[in-house]
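**Q** Handing you this structure, nothing more for now.
There are 2 protein chains.
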Amino acid sequence: MSKKNVPYRVYLSEKELPESWYNIRADLPGLSPYLNPKTKEPVVPDDMKAIFPMALIEQEMSDERFIEIPEQVRELYRSFRPSPLCRAYNLEKLLDTPARIYYKYEGNNPSGSHKLNTAIPQAYYNYKAGIKRLATETGAGQWGTALSVATQLFGMECTVYMVKVSAMQKPYRKLIMETYGANVYASPSNQTQTGRSVLEKDPENMGSLGLAISEAVEDAATHEDTNYALGSVLNHVLLHQTIIGLEAKKQMEKIDEYPDMVIACCGGGSNFGGIAFPFLHDKIRLGKNIEILAVEPAACPTLTKGKFAFDYGDVAHLTPIIKMYTLGHNFMPPGIHAGGLRYHGDSALVSKAYHDGLIGARAVHQTDVFKAAVQFARSELILPAPESAHAIKVAIDEALKCKETGESKSILFCLSGHGNFDLTAYEEYLSGKLTDVEYPDEMLEKGYESLPTV
Amino acid sequence: MSKKNVPYRVYLSEKELPESWYNIRADLPGLSPYLNPKTKEPVVPDDMKAIFPMALIEQEMSDERFIEIPEQVRELYRSFRPSPLCRAYNLEKLLDTPARIYYKYEGNNPSGSHKLNTAIPQAYYNYKAGIKRLATETGAGQWGTALSVATQLFGMECTVYMVKVSAMQKPYRKLIMETYGANVYASPSNQTQTGRSVLEKDPENMGSLGLAISEAVEDAATHEDTNYALGSVLNHVLLHQTIIGLEAKKQMEKIDEYPDMVIACCGGGSNFGGIAFPFLHDKIRLGKNIEILAVEPAACPTLTKGKFAFDYGDVAHLTPIIKMYTLGHNFMPPGIHAGGLRYHGDSALVSKAYHDGLIGARAVHQTDVFKAAVQFARSELILPAPESAHAIKVAIDEALKCKETGESKSILFCLSGHGNFDLTAYEEYLSGKLTDVEYPDEMLEKGYESLPTV
């Protein structure tokens, strides 16, 4: 089956936009509840009311298999969705592989990534709850950009705490958020008690994601009209992202295809869950024979070297304690270029699926990742984000295996975003300055030590 | 006619990709020939053989109305074309206008603009002629990026002379070209006699587009295996760009629409000619009542304040002398942010159409342009290039006129590229630092003085 008649881009009409998100909680029995960080008792909805609207808390805990997408969200989705499913003919030719490579491209929107898929419904539900402002943190900047856009659409304010070192390294990211109307503060900032106390001790502190989360959560918890928004990890975030996989299934159906493999990079797990869960549904409920792979950096090997344990989501112990694969919340990954994949933990849903053997995981090195990224850019003409390039690396590996075996597998991966704001990383790679980092076991051990006893 | 059922995005299938470009020369009788810069006699094909392949020289001079797009070019177009025609529902809502606003979005490709539409066929014809390398200049960087991508697709080398001040202001643009395999030299460079002689006199010279053109032309003329490629102005460039308007016509037909107005920004004229000429065909040959507007910066008012005269395309008098609207080849426009619109002249075809009263022109100020750009970004979710935002500004003006008169005009404009690499310009605007520049008449007079006598 060569599928030679498949077009380069498979589109869906706006009428074919899915009407519901898929909630994998319904098909993953045995999930552990979140624990309250203070009492270590299971979290109840009221525990989260200070920073989330009830509609999102309900989605976080719902066991309904399909959850309807509100019409107003669908309306806003329509200005950039359905996103195209692309056949990578030029990459296939370059690799001389019998594999059929497909990718779902999520970079064609102003946030430049899949993050807008959840930013819009999060802004929507908060708006409906009368919230005037959302506070969030951003590292790589894609999430902050997406939330800036989404809040703008509902006339809400947006406050972004951007890790100071990122704000300095990526001035364009700060500028695009401001263009979309957000207030961006380098974190640690003078806006919160947390930030001020850090700056008092260390005025030169360059910040961290953990610290920025604490600032955003404090901001939300201490202002009546303000809530907090998170760009990954949580169940409702992954729920919203399933629009990616649901569309991909429809698109593949249109060309009489079905993937043998689904591949995505995995940081907190939102683009991975987004493309993979609708196919995982078929594996769990319909017995489909399909291999699903999460790809992570060797420098932050959460699934491949982490422990399946209860842990905090942040350094300051403000978030719920979640049963997940984790390197320990004190684990500090090195400064690799895939900023979106530098998280110590993983979504509870992705972790459970991995623990149950439903999905696989691979850890890859960043020099290999950039080699794959450049191969992709020069053949498929899209400059991938360093995060997304992790998926490309493994898709290429698998396509080359097909070349050896002669198999014509159908490989689908998620191209979660473009790399227009990551060009300094490409420069480092092309000039031979990029290096690989792998954590020695004793340093991993140190991270594990921060795991709480529950 | 409210056209409420029009989707946000109108797509064409790849099968509907136009098979021919439209050559407006067939419908613009009375065009003056190019003159040889040395002899001032009409140019003959042999005059251009040192730097262009014969296929492109033929297209430059052809009077055939439709010219077939080679299958290999169509194949490569398919990885990013047909481009979407978008209905600007959110902008319409923001403006509260009865107008129906459409835009053709050309930014969804790695060059980030329409430039790839001509870079690919130019690389193709040179490749077929046995050329191993293309040399070009770039200012804003969009053309250099497009040619880097296109040469890469044919395994050719690419040398880009980038105006030094741009290379310093826009490091990301240099990096993206290098990622796509090009060799980028800040101009003036040590690569050419022209560059070296400038540097000898003035080592700190920051370059200009005219100088970069001279370096690229010299490079091409002095190397057997190397040709020159230009990103705008010439007939064959505008010919290739008509793919934009030809697609737009098909897309509007699908939704039972036809524009009352077509608007595009105009620097050398390539995106303007690209979207406008297929509609101008209908105006000339079918008597369609349609208003076509070219928009230029008030700081470089070529059509609105220039003279219709013979002039050189560059400072060094290496290019043919062309009958066009021009401010004089010594006119030095101020450093406005729409780098792609800072050219003293205009395409001969656009100039003739304007001279014959077939199209209109407007000059706008950059603060108004950025205001329109931010309105657009915050409603339509795409960050426009400063060049493209000139078209947006006039489209908004026209839509607001409709609000006053109650007319429901159908307005189509070309969104020729995204502004991801232009964020410092947005910052300047948002922080209130952006200013307007208009040339006093005596400075315009000085430019006119450089017009040659022929």
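Protein sequences appear in the order of chains A and B. When you number the first sequence by this note's numbering, it's gap-free, plus one each residue, and the end is 461. When you number the second sequence by this note's numbering, it's gap-free, plus one each residue, and the end is 461. Ideal Cβ positions, reconstructed from N, Cα and C, are used throughout, including at glycine. Because the structure is a prediction, the values reported are computed rather than measured.
1) Ignore the nearest five residues each way along the sequence and tell me which others in A/S386's own chain have a CB closer than 8 Å to its CB.
2) Under DSSP, the beta strand (DSSP E) around B/F315 begins and ends at which residues?
3) Got a sec, what are the start and stop residues for the alpha helix (DSSP H) B/R94 sits in?
4) Answer with buried or exposed for B/E67, where buried requires no fewer than 16 other C-beta atoms within 10 angstroms of its C-beta.
5) Using the beta-carbon count (16 or more within 10 Å), is B/G394 buried or exposed?
6) Does chain B have any CB closer than 9 Å to the CB of A/F420?
7) What residue from B/G342, B/T460, B/G217 has the CA that sits closest to B/Q176's CA?
8) Excluding sequence positions up to five away, which residues of its chain have a Cβ less than 6 Å from the Cβ of A/M8?
9) So is A/N116 in contact with chain B if we call contact Cβ pairs under 9 Å?
10) Would you report the Cα separation of B/L356 and B/L293, rounded to the nearest angstrom?
11) Starting from the Cα of A/I291, find the closest Cα among A/P308, A/A360, A/T326, A/D232 and give me that residue.
12) Look at B/L154 and B/A236 and say whether their C-beta atoms are less than 9 Å apart.
13) State the start and end residues of the unbroken beta strand (DSSP E) segment that holds B/R107.
14) I need the straight-line Cα distance from B/I250 to B/D353, nearest angstrom please.
15) Between which two residues does the beta strand (DSSP E) carrying B/C307 extend?
16) Whose C-beta lies closer than 7 Å to the C-beta of B/E452 among residues of the same chain, with five residues either side of it excluded?
17) Going along the chain, which residues of its own chain have a beta-carbon closer than 7 Å to the beta-carbon of B/D429, five neighbours each way excluded?
18) Comparing the C-beta of B/I251 with each C-beta of chain A, is any distance below 9 Å?
19) In chain B, which residues lie less than 9 Å from A/P14 when you measure between Cβ atoms?
20) The beta strand (DSSP E) spanning A/K330 covers which residue range?
21) To which residues does DSSP link A/S27 through a beta bridge?
22) I believe B/Y131 touches B/P77 by the beta-carbon criterion, under 8 Å. Please report the beta-carbon distance rounded to the nearest angstrom.
23) Looking at the structure shown, is B/E298 part of a helix, part of a strand, or coil, going by DSSP?
24) Using DSSP bridges, identify the partner residues of A/A223.
25) Once you ignore the five residues that flank B/G347 on each side, which residues in its own chain have a CB closer than 6 Å to its CB?
26) Using a 10 Å radius around the Cβ and a threshold of 16 neighbouring Cβ atoms, would you call B/D267 buried or exposed?
27) Using a Cβ cut-off of 7 Å, pull out every chain A residue sitting near B/N30, in sequence order please.
28) Going by DSSP, what residue range makes up the beta strand (DSSP E) through B/M169?
29) Of the residues that make up the region 157-171 of chain B, which ones have a beta carbon closer than 9 Å to any beta carbon in chain A?
30) Does the Cβ-Cβ distance between B/Q258 and B/G281 come in under 9 Å?
31) What are the boundary residues of the beta strand (DSSP E) that B/R369 is part of?
32) In this structure, does DSSP put B/T186 in helix, strand or coil?
33) Hey, how far is the Cα of B/E303 from the Cα of A/E435?
34) Spell out whether any CB of chain B is found under 9 Å from the CB atom of A/N97.
35) Near A/N197, what residues of its chain come up, given a Cβ to Cβ distance below 8 Å and the 5 sequence neighbours on each side ignored?
**A** Quick answer:
1) A95, N97, L98, K100, L101
2) 314-319
3) Note, B/R94: premise wrong, no alpha helix (DSSP H); beta strand (DSSP E) at 92-94.
4) buried
5) The question names Gly, yet the displayed sequence has Glu at residue 394 of chain B. It is buried - the Cβ of B/E394 has at least 16 other Cβ atoms within 10 Å.
6) no
7) B/G342
8) Note that A/M8 scores 45 on pLDDT, short of 50, meaning its location in the model is unreliable and no value can be drawn from it.
9) yes
10) 19 Å
11) A/A360
12) yes
13) 107-112
14) 20 Å
15) Segment: none, B/C307 is in no beta strand (DSSP E) and carries neither H nor E.
16) none
17) H344, A392, P393
18) no
19) S20, E21, K22, R85
20) 328-333
21) A/E75
22) 6 Å
23) strand
24) According to DSSP, A/A223 bridges with nothing at all.
25) A147, G274, E394
26) buried
27) Per Cβ cutoff of 7 Å: no residues; B/N30 is ~27 Å from chain A at best.
28) 164-170
29) Q159, L160
30) no
31) 367-371
32) helix
33) 38 Å
34) yes
35) R203, L206
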